[in-house]
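J.: Below is one structure. I have some questions about it.
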């Protein structure tokens, strides 16, 4: 399973606490169980404190874990401004799956900076990329827990990953707290439906 | 070849250099391996050209990424690097620095410390979550682990007349703060040492430390008592306070500031992340919009749970509130109160 067709370099961005690292873990483990080589690089530590987070997951990759600028095959953005901040990592015309619900940094709430209109971000991204943007917070709520936002987003990007849906579902089952499995699986389904092709 | 050890594997490097005319060494920070390779090449009498940082092909500062490496390799070997980089997007984005968590006791401690010692005081600090206090103007120096106390006593010895209050976390204090504190006391510094005891090593992922009574494998063991330890080293002013109690904290810090010699204050309150993991829950707070005057004083407190609505010109508290209640004290108009169940 290391042929070129299954290579996929994914950039996952978000805000510390949204569960970006968890999504990287689930995708990575799912790919490994499919026999793919995986390289990944994650932002740790400071991430827990609400900072900007960028993770790289390289599926079917034998080399380094960092994705060269402008060559990623897709982006999973858990937060709109963070999508814009790291969009230069993604190759033109590739897929960007983005949550439109913002998390305001302290610099915004305290009035030092302003937050751009998320719809303006979507419009800018649509000029150069294939964009799927939706309010993932609403879907996470619908699934039963705001914290499943990351799994909603995982569901949405899953349509583009070279990993079978069942394998991802199995990994979610094994990797989320046992009392939240049903909620997370519902979140995954709701997310997946947004991009079902 | 990839080198992952130091000292470097000399035999392998020698064999590698023997069959190459030009080599570029790619390593972050100082050119340690680059220099070693040059020494080996010279000792053996190889003519191999070794490129890297000495000739400026790679930077000595910052983290490397793929593009920095491509550019360095291209320049060193005189080949064209592909200019396929996408244009940088030009939308102005708000910066998102990491912040102390909602409910973090350090935020309250720093607020009171600044109030008592004054904006003009000297605040040496250390390495941990509390380094994020730099955004609150309460971190003047961060050198290396344990240096807050030695920097504070050094500044005092250099003749500084402004009040000096240094901050250091519990695990950092055990790591290398004890020796610095002993030195400060023994050599008669007049400083305040504020130990921010959040009962864990939070920033690196909640590893146990000797103040917790848990071994590295989390088995119960003896707990090192900060107050007894500091007293044993000769500190004459040693007090423990709960930083969630802002009035008590202010009182202790006022007395610590007035004390001549080294005063030690231990601000003891479990990290909100550990507390949440242990199932401790407090009632969250809310803003009474009738009482809120929109003065933004609470926003300056820098808690990620406090927001401001530009339309209604009122503050509000979001779902991240952990119920520490510190902002209640900040509000002049008593507009912050517990959410009624």
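Chains as they are written, first to last, in our numbering: chain W, 1447 to 1643; chain S, 21 to 361.
Heads up, the beta-carbon is just placed ideally off N, CA and C, and yes, glycines get one too.
Between the stretch 289 to 299 of chain S and the stretch 311 to 322 of chain S, do three or more beta carbon pairs fall short of 8 Å?
T.: Verdict: no, contact absent.
J.: Rounded to whole angstroms, what is the Cα-Cα separation between residue 154/S and residue 1477/W?
T.: Start at 1 with the first residue of the second chain, and residue 154/S comes out as number 134. Start at 1 with the first residue of the first chain, and residue 1477/W comes out as number 31. So the two alpha carbons sit approximately 41 Å from each other.
J.: Determine, using beta-carbon pairs with one atom in the stretch 1573 to 1585 of chain W and one in the stretch 1536 to 1556 of chain W, whether at least three such pairs fall under 8 Å.
T.: Touching, yes, given that three or more Cβ pairs across the two stretches are closer than 8 Å.
J.: Using 8 Å as the threshold, is the stretch 177 to 188 of chain S in touch with the stretch 214 to 226 of chain S, meaning 3 or more CB pairs across them?
T.: In short, these stretches touch, since the Cβ pair count reaches three.
J.: Mind checking which residues open and close the beta strand (DSSP E) that includes residue 212/S?
T.: Start at 1 with the first residue of the second chain, and residue 212/S comes out as number 192. 212 to 217 is the extent of the beta strand (DSSP E) around residue 212/S.
J.: Taking a Cβ distance cut-off of 9 Å, strictly less, list which residues of the stretch 1543 to 1569 of chain W are near chain S, in chain order.
T.: Per Cβ criterion, the list reads 1549, 1550, 1551, 1552, 1553, 1554, 1555, 1556, 1557, 1558, 1559, 1560, 1561, 1562, 1566, 1567.
J.: Using a Cβ-Cβ distance cut-off of 8 Å, determine whether residue 1496/W contacts chain S.
T.: Looking up residue 1496/W in the first chain gives position 50. Yes, contact with chain S.
J.: For residue 185/S, list the residues DSSP reports as bridge partners.
T.: Walking along the second chain from the start, residue 185/S turns up at place 165. Residue 185/S is bridged to 212/S.
J.: Helix, strand or coil, according to DSSP, for residue 1449/W in the structure here?
T.: As a working note, residue 1449/W is residue 3 in the first chain. Because the pLDDT at residue 1449/W is just 42, under 50, the model does not fix this residue reliably, and the value given afterwards should be weighed accordingly. Reduced to three states, the DSSP call for residue 1449/W is coil.
J.: What is the rounded straight-line gap between the Cα of residue 50/S and the Cα of residue 136/S?
T.: Taking the second chain and counting its residues from 1, the one referred to as residue 50/S is at position 30. Taking the second chain and counting its residues from 1, the one referred to as residue 136/S is at position 116. Spanning the two alpha carbons is a distance of roughly 42 Å.
J.: Looking at the C-beta of residue 333/S, does it have a partner C-beta in chain W at a distance below 8 Å?
T.: The residue you call residue 333/S lines up with position 313 of the second chain. Cβ-Cβ to chain W under 8 Å: no for residue 333/S.
J.: Do residue 344/S and residue 302/S have their C-beta atoms closer together than 8 Å?
T.: Along the second chain, one-based indexing puts residue 344/S at 324. Along the second chain, one-based indexing puts residue 302/S at 282. In contact: residue 344/S and residue 302/S (Cβ atoms closer than 8 Å).
J.: Quick check: the Cα distance between residue 86/S and residue 1483/W, rounded to an integer number of angstroms?
T.: Taking the second chain and counting its residues from 1, one reaches residue 86/S at position 66. Taking the first chain and counting its residues from 1, one reaches residue 1483/W at position 37. Going by the C-alpha atoms only, they are around 19 Å apart.
J.: What does residue 118/S touch in chain W if you count any residue whose Cβ is under 7 Å from its own?
T.: What you label residue 118/S is simply residue 98 of the second chain in a count that begins at 1. 1462, 1492, 1495, 1496, 1497, listed in chain order.
J.: Do the CB positions of residue 175/S and residue 142/S come within less than 8 Å of each other?
T.: Working through the second chain from its first residue, we reach residue 175/S at position 155. Working through the second chain from its first residue, we reach residue 142/S at position 122. Yes, these two residues count as a Cβ contact at 8 Å.
J.: Tell me the rounded alpha-carbon separation between residue 253/S and residue 287/S.
T.: Numbered from 1 along the second chain, position 233 holds the residue referred to as residue 253/S. Numbered from 1 along the second chain, position 267 holds the residue referred to as residue 287/S. Their Cα atoms are separated by approximately 19 Å.
J.: Looking only at C-alpha atoms, which of 1534/W, 1549/W, 1532/W, 1518/W sits nearest to residue 1525/W?
T.: Within the first chain, the letter at position 79 stands for residue 1525/W. The option with the nearest alpha carbon to residue 1525/W is 1549/W.
J.: Whose C-beta lies closer than 7 Å to the C-beta of residue 162/S among residues of the same chain, with five residues either side of it excluded?
T.: For the purposes of this step, residue 162/S is taken as the residue at position 142 of the second chain. For residue 162/S, where only same-chain residues beyond five positions count, the Cβ hits under 7 Å are 145, 146, 147, 151.
J.: Is there a Cβ of chain W sitting closer than 8 Å to that of residue 100/S, yes or no?
T.: The sequence position of residue 100/S within the second chain is 80, counting from 1. No, no contact with chain W.
J.: Determine the burial state of residue 206/S: buried for a count of at least 16 other Cβ atoms within 10 Å of its Cβ, exposed for fewer.
T.: In the second chain, residue 206/S corresponds to position 186, counting from 1. The residue in question, residue 206/S, is exposed, as its Cβ has fewer than 16 Cβ neighbours within 10 Å.
J.: Just to make sure I have the definition right: I need the residues of chain W whose C-beta is within less than 8 Å of the C-beta of residue 232/S. Which are they?
T.: Working through the second chain from its first residue, we reach residue 232/S at position 212. Within chain W, no residue comes near residue 232/S; the closest Cβ sits about 19 Å away, beyond 8 Å.
J.: According to DSSP, is residue 1482/W helix, strand or coil?
T.: Translated into the one-based positions of the first chain, residue 1482/W becomes position 36. Here residue 1482/W sits in coil by DSSP.
J.: In chain order, what residues of the stretch 1528 to 1542 of chain W put their CB closer than 7 Å to some CB of chain S?
T.: Answer in chain order: 1530, 1531, 1533, 1534, 1538.
J.: By the criterion of Cβ-Cβ separation under 8 Å, what are the contact partners of residue 1512/W in chain S?
T.: Numbered from 1 along the first chain, position 66 holds the residue referred to as residue 1512/W. By Cβ distance, chain S contributes 85, 86.
J.: How long is the line joining the alpha carbons of residue 259/S and residue 1607/W, rounded to whole angstroms?
T.: Taking the first residue of the second chain as position 1, residue 259/S is located at position 239. Taking the first residue of the first chain as position 1, residue 1607/W is located at position 161. Answer to the nearest angstrom: the Cα atoms are 57 Å apart.
J.: Here's the rule I'm using: 16 or more other beta-carbon atoms within 10 Å means buried, otherwise exposed. How should residue 300/S be labelled?
T.: Your numbering for residue 300/S matches position 280 in the second chain. The residue in question, residue 300/S, is exposed, as its Cβ has fewer than 16 Cβ neighbours within 10 Å.
J.: Counting only runs of 4+ residues fully inside the stretch 121 to 152 of chain S, write out the alpha helix (DSSP H) ranges in chain order.
T.: DSSP runs (the alpha helix (DSSP H)) wholly in the stretch 121 to 152 of chain S: 125 to 137.
J.: Once DSSP output is grouped into helix, strand and coil, what is the label at residue 47/S?
T.: The residue you call residue 47/S lines up with position 27 of the second chain. Three-state DSSP puts residue 47/S in coil, outside helix and strand.
J.: To which residues of the same chain is residue 33/S closer than 8 Å at the C-beta, ignoring the five residues directly before and after it?
T.: Looking up residue 33/S in the second chain gives position 13. Correct list, in chain order: 21, 23, 56, 57, 60.
J.: Given that residue 2/S touches chain W, what residues does it touch there, using C-beta distances under 9 Å?
T.: Residue 2/S cannot be examined here, being either before or after the span of chain S that is shown, 21 to 361.
J.: Exposed or buried, what is residue 116/S when buried is set at 16 or more other beta-carbons lying within 10 Å of its beta-carbon?
T.: Position 96 of the second chain, counted from the start, is the residue given in the question as residue 116/S. That one is buried.
J.: Strictly under 8 Å for the Cβ-Cβ distance: is residue 1617/W near chain S by that measure?
T.: Within the first chain, numbered from 1, the residue matching residue 1617/W stands at position 171. Chain S, which has no Cβ nearer than 8 Å to the Cβ of residue 1617/W, makes this no.
J.: Count the other CB atoms, across all protein chains shown, that sit within 10 Å of the CB of residue 99/S; report buried if there are 16 or more and exposed otherwise.
T.: In the second chain, residue 99/S corresponds to position 79, counting from 1. The residue is exposed, with fewer than 16 neighbouring Cβ atoms inside 10 Å.
J.: Please work out which residues of its chain come closer than 6 Å, Cβ to Cβ, to residue 1617/W, disregarding the five sequence neighbours upstream and downstream, and give them in chain order.
T.: Here residue 1617/W refers to the residue found at position 171 when the first chain is read from its first residue. Closer than 6 Å at Cβ, skipping near neighbours: 1472, 1475, 1476.
J.: Using Cβ-Cβ distances below 9 Å, what residues of the stretch 1513 to 1524 of chain W are close to chain S?
T.: If the cut-off is 9 Å between Cβ atoms, the stretch 1513 to 1524 of chain W has 1513, 1514, 1515, 1516, 1517 near chain S.
J.: Evaluate residue 27/S with the Cβ neighbour count: other Cβ atoms within 10 Å of its Cβ, from every protein chain shown; 16 or more gives buried, anything less gives exposed.
T.: Reading the second chain from its first residue, position 7 is the one you call residue 27/S. Exposed.
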